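J.: First residue of the sequence shown: 126, per this note's numbering; consecutive thereafter.
Just so it is clear, CB atoms sit at the ideal spot from N, CA and C, and this is done for glycine as well.
Please read these numbers as outputs of a predicted model, since none were measured by experiment.
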Amino acid sequence: MIVSFDQYQIDIEKSSILQVTMISKKLSEMEEQQLHSNDERGRLRTENAVLTERVHVLEEQLLVAEQRFREQLQEEKNRTRELLQRLEREKQLENESLSLKYQMLEKDLQTAKKDAEKAREESARQRDMVEDLRGQLAESKLLIEDLEDERIKLERQFKRFKEEAQQDIDSSSEMVEVLTQQTEELRRNGAPRQGSIVEQMSGLEESLEQARADIRDLQRERDDLQAQLLAASVERGRSLLADEPSLADELMNGGGDSQQVNASILEALREQEVCNQKLRVYINGILMRVIERHPEILEIDLKEEPFVFLDVFVVNGNSSHARSRVAQLAAHWLLTSLVSEGKIALTENRLLDTTTMDSAAPSNNSSEQKFSAE
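Okay, structure coming up:
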């Protein structure tokens, strides 16, 4: 098909116009893109400037932070170094302290070993001592048995002594009463012969000196017996203290027999004390009767001091001989006082018979009751 030139030209123009239009559109698009790119570039520049400024600020902050961190790091290093040095010193001190403790523990260990050795030796010695104490305990038991036998013997002797003392008290009371009656009779009968007064007084003085010598001997004997009794009591107490049970526990737990024996001993002692008290009161009463009738005898009383001897022998008498000497001393003192004052005079052949003593017994008892009541 044959295309004409005009048509061809028209087509060219149309295509040119179309191309120009397309180019214009592209140009406008490119311009818009260029504007958009410029705007975007300006925005990016602005953002870049802002970011650059922020980078500068951050770099400065980073430098400041690095400087601060370096300072903190240096401070931490210094503090860590000081801490390490202090720990080293503490560790050194602790090591020294532990070393000293170790040395002390070593010494304590050696001391403990020595103490253990001493303890073993002491234990062996204590075992030997226990064996010795057991032997002493057996000996003490034997000693207790011997002392018990001795106590029984002493109890028997005490009963016998009590009976003898009662008899001596009765005889002494009767003798004093009879002498009093004879003194009254002689005083009423008047003054007999005076020739034998000197001889009688000398005999009475000799008897008085003999009685005083007997008194001193008896006092020494009493002191010796008391010393022996004290030594025996101390030795017995030591031997009993060495035992496990005490004597008081044995007496408390030993049964009714020992308690009855102790009660009987105490009762007997009380009875003997009552008897001695009655005798002392009775003799003192008789002496007071004589002194009331003859007051001038007080001078002799102060010289001779008969009440001292009476009190000593009545309370602390150790034998029947001592008690009889008390009665004789009282009688001699009465007679010596009366004879020295010239109230009575005794003959050489005047003696006491048993019938007179028997007849004087009732009056003796009545007089004793009277002075006991007083």
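#1: Using a threshold of 9 Å, state whether the C-beta atoms of lysine 243 and glutamine 397 are closer than that.
#2: Compare the C-alpha of lysine 403 against each of Gln217, Lys150 and Ile294 and name the closest.
#3: Just mark alanine 209 as buried or exposed, buried being the case when its beta carbon has 16 or more other beta carbons within 10 Å.
#4: Compute the Euclidean distance between the alpha carbons of glutamate 515 and glutamine 217, then round it to the nearest angstrom.
#5: Go ahead and label glutamine 307 buried or exposed: buried means 16 or more other beta carbons lie within 10 angstroms of its beta carbon, across all protein chains shown.
#6: Evaluate methionine 300 with the Cβ neighbour count: other Cβ atoms within 10 Å of its Cβ, from every protein chain shown; 16 or more gives buried, anything less gives exposed.
#7: In angstroms with no decimal places, state the Cα-to-Cα distance between glutamate 138 and serine 149.
#8: Looking at glutamine 282: is its Cβ nearer than 9 Å to the Cβ of cysteine 400?
#9: Using the Cβ count rule (16 or more neighbours within 10 Å means buried), how would you classify serine 222?
#10: Give me the Cα-Cα distance between arginine 193 and leucine 212, rounded to the nearest whole angstrom.
#11: Using the Cβ count rule (16 or more neighbours within 10 Å means buried), how would you classify alanine 352?
#12: State yes or no: is the beta carbon of glutamate 213 nearer than 9 Å to at least one beta carbon in chain D?
#13: If we ignore side chains and look at the alpha-carbon of each, how far apart do arginine 313 and glutamate 302 end up?
#14: From tyrosine 133 to glutamine 144, what does the alpha carbon distance come to, in whole angstroms?
#15: Measuring straight from C-alpha to C-alpha, what distance separates arginine 276 and aspartate 349?
#16: Run the CB neighbour count on threonine 205, radius 10 Å, all protein chains shown included, and call it buried at 16 or more, exposed below.
#17: Hey, how far is the Cα of lysine 266 from the Cα of glutamine 335?
T.: For this structure:
#1: no
#2: Ile294
#3: Note that residue 209 is leucine in the sequence shown here, rather than alanine. Exposed: under 16 other Cβ atoms inside 10 Å.
#4: Examination of residue 515 is not possible in this model, given that the chain is present from 126 through 499 alone.
#5: buried
#6: buried
#7: 15 Å
#8: no
#9: exposed
#10: 27 Å
#11: exposed
#12: The chain labelled as chain D is not found in the depicted structure, where only one protein chain is given.
#13: 17 Å
#14: 16 Å
#15: 19 Å
#16: exposed
#17: 46 Å
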